[in-house]
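Note that the sequence shown covers residues 1 to 137 in the working numbering.
For each residue, glycine too, the CB sits at the ideal point set by N, CA and C.
Below is one structure, written out as structure tokens; comments come after it.
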Amino acid sequence: MAYRSDFGLLLVRVCAGGMLAAFHGWAKVKSAYALLLHDQEWRFVQTVAGLGFPFPMLFALAAAIAEFFGGLLLAVGLLTRWAAGAIAITMLVAVYRHLTTDWRFELAALYLVIALLFFFGDPGRWALDARLRLRGR
Numbered sequence: 001m002a003y004r005s006d007f008g009l010l011l012v013r014v015c016a017g018g019m020l021a022a023f024h025g026w027a028k029v030k031s032a033y034a035l036l037l038h039d040q041e042w043r044f045v046q047t048v049a050g051l052g053f054p055f056p057m058l059f060a061l062a063a064a065i066a067e068f069f070g071g072l073l074l075a076v077g078l079l080t081r082w083a084a085g086a087i088a089i090t091m092l093v094a095v096y097r098h099l100t101t102d103w104r105f106e107l108a109a110l111y112l113v114i115a116l117l118f119f120f121g122d123p124g125r126w127a128l129d130a131r132l133r134l135r136g137r
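This is the structure in structure tokens:
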């Protein structure tokens, strides 16, 4: 029975983390790279500024890092609680943004709930975190 739960956690981690990194974080990381190295415009900075954040470029970079690298870490189950925490904070802001603008908050809310699952819970037996803990004993 525990194997089924661990397999379910593995599927959720890999799918949610992989999709967050590939479909949301990667574009932000590429745009941040283009801004920092080639001085190209990154519209996401204006979106963050529109939310009233001080230092919008810093917070835009933090969101890009949380979505891309946090998604990758979540997918493989490494530093899962830290990655999930960063993702949860980012998705909480995304839910707020969508609730105050276009009401298309459901995807951000789903990522938020998944991140909270792994922040408060266990990443499962097939996470790198679990494998590293076993070696340390």
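Cβ-Cβ distance between residue i and residue j below 8 angstroms
| i | j | result |
| --- | --- | --- |
| G71 | G121 | no |
| F119 | A88 | yes |
| A66 | A94 | no |
| P54 | V48 | no |
| M91 | A75 | no |
Beta-carbon proximity list for residue i, same chain, < 8 angstroms, skipping 5 on both sides
| i | result |
| --- | --- |
| D6 | G124, R125, W126 |
| G136 | Because G136 sits at a pLDDT of 45, beneath the cut-off of 50, its placement in the model cannot be relied upon, and the point is left open. |
| F73 | Looking at the sequence itself, residue 73 is Leu, so the reference to Phe does not match. So the qualifying residues of the chain are G17, L79, T80, W82, A83. |
DSSP-derived helix/strand/coil call for residue i
| i | result |
| --- | --- |
| W126 | coil |
| P56 | helix |
| R137 | Residue placement at R137 is flagged as unreliable, the pLDDT there being 41, under the threshold of 50; a coordinate-derived value is accordingly withheld. |
| L79 | coil |
| Q46 | helix |
| D39 | coil |
Best match in the options for proximity to residue i [C-alpha to C-alpha]
| i | options | result |
| --- | --- | --- |
| H24 | G77, F119, L61 | L61 |
| Q64 | G77, Y33, V29 | A quick correction: the sequence has Ala, not Gln, at residue 64. It is V29 whose Cα lies nearest to the Cα of A64. |
6 angstroms Cβ shell around residue i - same chain, five flanking residues per side excluded
| i | result |
| --- | --- |
| W42 | S31, L35 |
Close Cβ partners of residue i (< 7 angstroms) along its chain, the five nearest in sequence each way excluded
| i | result |
| --- | --- |
| L99 | F105 |
| R97 | L51 |
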